[in-house]
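J.: Going by the UniProt record's numbering, the sequence shown wraps up at 198, each residue one higher than the last.
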Amino acid sequence: RTYLEEELIKARKKPSLRKDMYQKMIEVDPDAPTEEENVLRAVTKPRYMQWRETISSTATLGFRIEGIKKEDGTVNRDFKKTRTKEQVMEAFSEFTRGNRNVLNSYLNRLKGIRATLETSPFFKCHEVIGSSLLFIHDKQEQAKVWMIDFGKTTPLPEGQVLQHNVPWVEGNREDGYLWGLDNLIQILTELSQSEDLH
1 RTYLEEELIK
11 ARKKPSLRKD
21 MYQKMIEVDP
31 DAPTEEENVL
41 RAVTKPRYMQ
51 WRETISSTAT
61 LGFRIEGIKK
71 EDGTVNRDFK
81 KTRTKEQVME
91 AFSEFTRGNR
101 NVLNSYLNRL
111 KGIRATLETS
121 PFFKCHEVIG
131 SSLLFIHDKQ
141 EQAKVWMIDF
151 GKTTPLPEGQ
161 VLQHNVPWVE
171 GNREDGYLWG
181 LDNLIQILTE
191 LSQSEDLH
């Protein structure tokens with residue numbers, strides 16, 4: 001999930017039609033808007049937020065790729081419809097140029113992050129929404145991953161904890177962070193064992 005429950009509740013209480021979000025929606029999928037939304041040429045923010053989650057791997061894998069910048073400076077942000085494990089594997093294979101050493105470094109770092117989160121008192125009592133993992137590697141096969149973007153990370157009420165690996169239903173505040181991280185680790189593990197790598 002990439003939005004706070006409070007954002008959804010607030011947007012529902014005061015729904016305003018957003019022409020900009022309608023434009024973003026039809027750029028990705030011209031058939032996505034309802035008949036009424038097409039007439040209005042606008043959608044509400046809750047509608048857009050929930051639709052955006054369903055078209056990407058956020059709904060199927062618990063994370064999504066926002067963009068990739070290659071060493072030549074080219075940037076690809078066309079991942080809105082990247083939804084399947086195979087598509088994610090293809091994106092990472094292209095990003096790492098099939099370099100097994102880089103992939104293994106990423107995997108080791110992700111597993112380290114996972115182990116740290118599992119025992120972190122901070123993580124247990126915070127909802128981590130919309131954060132990112134920043135992957136960087138160089139020609140010398142130095143590869144690192146950092147957790148970034150904590151603007152929507154919020155503390156839970158006193159005494160409440162999250163598991164971070166169960167589905168979100170409105171009210172439980174579960175963010176699915178570990179579910180997404182586990183899926184990413186599994187996908188990169190599979191990719192690192194591929195015979196197509198060098």
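Virtual Cβ for every residue (Gly too), placed ideally from N, Cα, C. Everything numeric in this text was worked out from a predicted model, so none of it was measured.
Short check: CB of residue 26 to CB of residue 15, under 8 Å?
T.: Cβ distance not < 8 Å, so residue 26 and residue 15 don't count as in contact.
J.: Using alpha carbons as the reference points, say which of 41, 57, 107, 121 lies closest to residue 2.
T.: Closest option to residue 2, Cα to Cα, is 57.
J.: With a cut-off of 8 Å, do at least 3 Cβ pairs link the stretch 59-68 to the stretch 81-89?
T.: Because the criterion of three Cβ pairs below 8 Å is met, the stretch 59-68 and the stretch 81-89 touch.
J.: Taking 8 Å as the limit between beta carbons, can you name the residues of its chain near residue 132, skipping five residues before and five after?
T.: Correct list, in chain order: 66, 147, 148, 149.
J.: To the nearest angstrom, report how far apart residue 197 and residue 189 are at their CA atoms.
T.: So the two alpha carbons sit approximately 12 Å from each other.
J.: Rounded C-beta distance between residue 28 and residue 37? I'm assuming under 8 Å.
T.: Rounded, the Cβ-Cβ distance is 14 Å, inconsistent with contact.
J.: CB-CB under 8 Å to residue 115, same chain, minus the five flanking residues each way: which ones, in chain order?
T.: Same-chain partners within the cutoff: there are none.
J.: Is DSSP giving residue 144 helix, strand or coil here?
T.: In the structure shown, residue 144 sits in a strand (DSSP, three-state: E or B).
J.: What did DSSP end up calling residue 129 once you bin it into helix, strand or coil?
T.: Three-state result, residue 129: coil.
J.: With distances taken from CA atoms, which of 140, 89, 142, 125 is nearest residue 193?
T.: Measuring from the Cα of residue 193, the nearest candidate turns out to be 89.
J.: Under the three-state reduction of DSSP, which class applies to residue 135: helix, strand or coil?
T.: Correct three-state label for residue 135: strand.
J.: Pull the bridge partners of residue 17 from the DSSP assignment, please.
T.: According to DSSP, which records beta bridges pairwise, residue 17 is partnered with 44.
J.: Alpha carbon to alpha carbon, how far is residue 185 from residue 11? Give it in angstroms, no decimals.
T.: Whole-angstrom Cα-Cα distance: 34 Å.
J.: Where residue 191 and residue 70 are concerned, what is the direct C-alpha to C-alpha distance, given to the nearest angstrom?
T.: Roughly 19 Å between the two C-alpha positions.
J.: Below 6 Å CB to CB, which residues in the same chain sit around residue 180 once its five sequence neighbours on both sides are set aside?
T.: Excluding sequence neighbours, residue 180 sits near 62, 63.
J.: Looking only at C-alpha atoms, which of 55, 166, 23, 123 sits nearest to residue 155?
T.: Measuring from the Cα of residue 155, the nearest candidate turns out to be 123.
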